[in-house]
Amino acid sequence: MPIIFHNKTKEFHIYNDKISYIFKILANGHPGHIYYGKRLADREGFGGMIEYALRDMAPCAFEGNSTFSLEHLKQEYPAFGSGDMRFPAFELERADGSRAVDFKYQKHEIYRGKKKLPGLPAVYVEDENEAETLEVTLEDAQLGARIVLSYTIFEAFPVIARNTCFYCGGECITLLNAMSGSLDLPDKDYEMVELAGAWSRERHVNIRPLGYGIQSIYSLRGCSSHQFNPFLALKRKNTDEHSGEVIAASLVYSGDFLAQVEVDNYDVTRLIMGIHPNEFCWELNPGEHFQTPEMILAYSEKGLNGMSQTFHQLYRTRLARGKWRDKARPILINNWEATYFDFNEDKILALAQKAADIGVELFVLDDGWFGKRNDATSSLGDWQVNTEKLPQGMKRLSEKINEMGMGFGLWIEPEMVNKDSSLFRGHPDWVLADSRRNYCHSRNQYVLDFSKPEVVDHIHGQLRKVLGEANISYVKWDMNRSFSEVFSNGMNRSWQGKVRHKYILGVYGLYERLIQEFPDILFESCASGGARFDPGILHYAPQGWTSDDTDAIERIKIQYGTSYVYPLSCMGSHVSASPNHQLFRYTPLETRANVAYFGTFGYELDLTALPGQELLEMKRQISFMKDVRELIRQGVFYRLKNPFENNSSAWMVVSEDRTEALAAYFRVLQPAQAGFERIRLAGLCADWEYSVQEQCPGGTSKPLSREINVCFGDELMYAGLSVSDAASGLYGVAREKQGDYLSRLFRLKKIH
Ligand code: GLA
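Position in the sequence shown (from 1) plus 11 gives the number in my numbering.
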C-alpha cells in the first residue's frame, strides 16, 4: 500500500492492490490530475496521460506556449481566474478585493497512518500500518498562504480519504469557497446517482445521465437534510448492482453541503464536494487556519453493491466509534407511536411490562418527558423532568424499567428551543435568527445558536445532569427543523460568515463531551427521521433513525436507498402499528418485521392494545432476531432486486465467511395468476451446499420455519431461488398467505 513520489517526473502514485490515484506537479507548479481507478502497475512516468490541448481562444499560462492552458488541463485542486473557466474547488479574497491566486507545490510529506481532524469527524486507523497518508503543501508566495492537500489510502479499502487545510500567511485572507476535494475525470460517459427525498420519503435512489453544465445536489438547511444526502456516485451506463465501474464520493459532514458535477464543453467531468459556499465566508488572520471536512472517494468495478460494501465496512469499522461499534444492538421499544405526548408513569410502565414479557431489551422514552411539554408548543430547552407526568422522577422510572430486565433510554432535542420555555425567556438572543425581525418557526420551534460556546455549555450542563441522575443506557438525539434566517445575535460581520459551520462544530463538540462523559450510552441520531443521516454523525452515534415513515412498504425503498452508503448496523428500523400512522396502510405483522430485521430492530406501537396472538408472534420475532442480529449487523449486504423499478424486490445479507445468509423477498401487490419468479442470490460459495429454510410467522401451533430445500451455491446464485406462488410443494406460498404486501424470508446455512 505505498505512496510513491517519482522525483524525476514529479508524479505521485497512491495505490493499494485495488486502486491507483495519480497526479503530477505541472510546469506551473500546480498539481494536475492524471488518474483514479483500477490499480495500475507503478512506473516512472504516467505523464503521457496528460492531454495538453492546442485550442483556439484558450487562455495560456506561458508566453510562446499555446498548449498549457488551465482551461483544459485536469487538475487536483483548481482555482478560478488563472485560465480555468470551470467552477473552482476554492476561492479566496485579499483585503483589496483581489481574488487572483497562484498556489505552487512547495513540499510534501508521506507518513504511515492517518491524523485526526480536530473537532471534525473522520475515518481513522487503529494501527498505523492500516493506511498511509500524503500531504502536499502548496504555497502562494505573494500571500504567504499555504494549502495542504491530504490523501490517505487504506490497505484494505479501495478508497482515498481527502481533506484540505488553508493556512494564513502574513496577509489576511477571506475564504469564500473551500471544497474538501475535487476530481477531474477524462470523459463524461457517466450517470449520476444520488439519494433524494423528503420528510418520510428519505434517500430514494435517483439516477440521471450527465449533461453539459452543472448538475448538483446540496443542503442549505443546517443539516444534511431529507432532500439530499452528502453522497454522489458516477457510474457507467452499463453498471448495475453487481458489475461495472463506479466512482463515488461521500462527505463526512452533517451541515450544509454541495456535491456537484460539471461537464465542460470538451467532455471533461469535474466532481467537487464540500461545505456549501453559500453564506460561507471565513476570514483568516495571520497564524490561523481553516480545516475542511473529509471527503471519501470510493472506486468499485463490482457495481453499486461493490461500492456500498466498501462504504459499509469502512464506516462500520473505521468511522463509527466507541463501545457500541462492535456490539449487538439492543432490541428496543419506543413509546412515540404508542402514546405520542399523552402518557404518564402508569402508561409507560404498562407498555414497558408488555415489552419485557416478549423479550424487548431496551425501553426508550421519547418526546414529552420534560418541562411542561404536552404538545409541540412548549418546553424545548428546559431539560428537567416533568414531575406531573413522572412524579417519581427519572431515576425511579429508570430503576423500575431496569427491574423488568430492560435498559432505559431517553429522547432529547438539544439544539432547539420553544418560545414557551424558561430558556427562551432568559435568553431570547440565543436563537439563531435576527431577533430584531420576524423569523420563521417550524413545528413551533427555533434553532439555538450553537455557534456560540456559551449556548452549547448551557445545554451541556442541563444534559449532563439528566443523563447522570438516572440509569440511562441509550439516547435518541433529535433535530426537528431546517434553518431559515441564519444570524448570530450580537456578533460581528466576520462571525456571521462562519456561523453555519461553527454551528455544526458546536453539535460535534457537544456530542464529543457527552460520549466521553457517558461512554456506555448508545447514541442514536435522528432529525425528523432521517434528515441528518450522514457519515459525519455516524462518528458520534453508531445508529440513526432512518425515517419517521415506519410503513413497511415505504421502508423497503427507504432502506434500499439508504444502503447505498450506510451499513445495516446504523439503520434504525421498527415494527409499528397497522394501519400505519403515516400511510394508513394495513400490512401483515410478518412483513413489518421482515423489513425491520434489516436494521437495528425494535417496536414502536402500543403493545397493550394488541391481541395475545400478535404478542406471541412478536415474541418469536424477537427470539429470531436475537439469533440473526450479528449476521445482519456485520454481514455483507447485497441488493438483489430494485423496489423502485419493480413490484417485487429482494436483498440479502451473507456472513463474511459465507457459511450463513438471510435473504428477503418483498412483493407490493398480488398479481392475478402471478408469473413464475426466481431471485438470483449473491455472495455465496458456488460449490458449497446450503440448507434453505423459509421463516414462517409465529402462530401458536405452526412451526417457526420450514425446510424447503438443500441447494448448491451455484444453483442459488446462477439459476436462482424460486419465489413463485404457484410452485407446488417445496417453494410455493400457502394460499392464505398470498395477497398484497407479501414478504418471505429465507435462512441459508452451509451444510458441513
Ligand atoms: C421526530 C422524530 C420522531 C419522534 C418525534 C418526537 O419527528 O423523528 O421519531 O421522536 O420527533 O417529537
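Glycine is no exception: its CB is placed at the ideal position from the N, C-alpha and C atoms.
Keep in mind it's a predicted model, so treat the numbers as computed, not measured.
- Here DSSP, grouped into helix, strand and coil, assigns G547 to helix.
- Checking the 7 angstroms criterion, the Cβ of D617 is out of range of every heavy atom belonging to the ligand GLA.
- With contact defined as three or more Cβ pairs closer than 8 angstroms, the stretch 665-679 and the stretch 227-241 are not in contact.
- Chain-ordered, the residues whose CB falls short of 6 angstroms from any heavy atom of the ligand GLA come out as W347, D377, D378, W422, D489, N491, C537, S539, G540, W556 and D559.
- Where S227 is concerned, the enclosing beta strand (DSSP E) starts and stops at G224 to S230.
- The beta carbons of V497 and L443 sit closer together than 8 angstroms.
- Residue burial annotation: C451 is exposed, with fewer than 16 other C-beta atoms found within 10 angstroms of its C-beta.
- About 19 angstroms separates the beta carbons of Y551 and L373, which is beyond the 8 angstroms limit, so they are not a contact pair.
- Contact annotation: the stretch 611-629 touches the stretch 342-350, with at least three C-beta pairs closer than 8 angstroms.
- Sequence-distant partners of G43 (beyond 5 residues in either direction) whose C-beta falls short of 7 angstroms from its own C-beta, in its chain, are F34, K35, L37, I61, L84, K85, Q86 and E87.
- Where M636 is concerned, the enclosing alpha helix (DSSP H) starts and stops at G623 to Q645.
- Between P89 and S193, the C-beta spacing is below 8 angstroms.
- For H44, the enclosing beta strand (DSSP E) begins and ends at P42 to K49.
- The stretch 650-658 and the stretch 356-366 do not touch, with fewer than 3 CB-CB distances between them shorter than 8 angstroms.
- Going by DSSP, R327 is part of the alpha helix (DSSP H) stretching over G314 to R329.
- Apart from the 5 residues on each side of it in sequence, P220 sits with its Cβ closer than 6 angstroms to the Cβ of E202 in its chain, given in chain order.
- Pairing L243 with E294 gives a Cβ-Cβ distance that is not under 8 angstroms.
- Closest in C-alpha terms to D195, from the list K313, I643 and R97, comes R97.
- Using a Cβ distance threshold of 8 angstroms, N482 and F419 count as a contacting pair.
- Of the candidates Y277, E141 and R212, the residue whose Cα lies closest to the Cα of R66 is Y277.
- For Y571 and C581, the gap between their C-alpha atoms comes out near 13 angstroms.
- Closest option to V477, judged by alpha-carbon separation, among V466, L421, P99 and L51: L421.
- The stretch 175-190 and the stretch 298-308 touch, with three or more beta-carbon pairs separated by less than 8 angstroms.
- As summarised for the stretch 469-534, the continuous alpha helix (DSSP H) elements at least 4 residues long and confined to that stretch are 504-507 and 510-528, given in chain order.
- In this structure K246 is buried. Its beta-carbon is surrounded by 16 or more other beta-carbon atoms within 10 angstroms.
- Under DSSP, S754 takes part in a beta bridge, and its partners are F677.
- E74 counts as exposed, since fewer than 16 other beta carbons sit within 10 angstroms of its beta carbon.
- Non-local C-beta neighbours of N289 in its own chain, meaning closer than 7 angstroms and more than five positions away in sequence, comprise L231, ordered along the chain.
- DSSP places N345 in the uninterrupted beta strand (DSSP E) bounded by L343 to N345.
- A direct Cα-Cα distance of roughly 46 angstroms separates G724 from G224.
- If you draw a straight line from the Cα of A100 to the Cα of I283, it comes to about 7 angstroms.
- Taking a contact as a CB-CB distance under 8 angstroms, the pair G124 and T144 counts as one, their CB atoms being some 7 angstroms apart.
- Annotation note: the stretch 395-479 contains the following uninterrupted alpha helix (DSSP H) runs of length 4 or greater, listed N- to C-terminal: 404-414 and 433-437.
- A residue is called buried once 16 or more other Cβ atoms fall within 10 Å of its Cβ, and S109, having fewer, is exposed.
- Residue pairing by DSSP places N188 opposite E102 in a beta bridge.
- Per the coordinates, the alpha-carbon of P464 lies some 25 angstroms from the alpha-carbon of P553.
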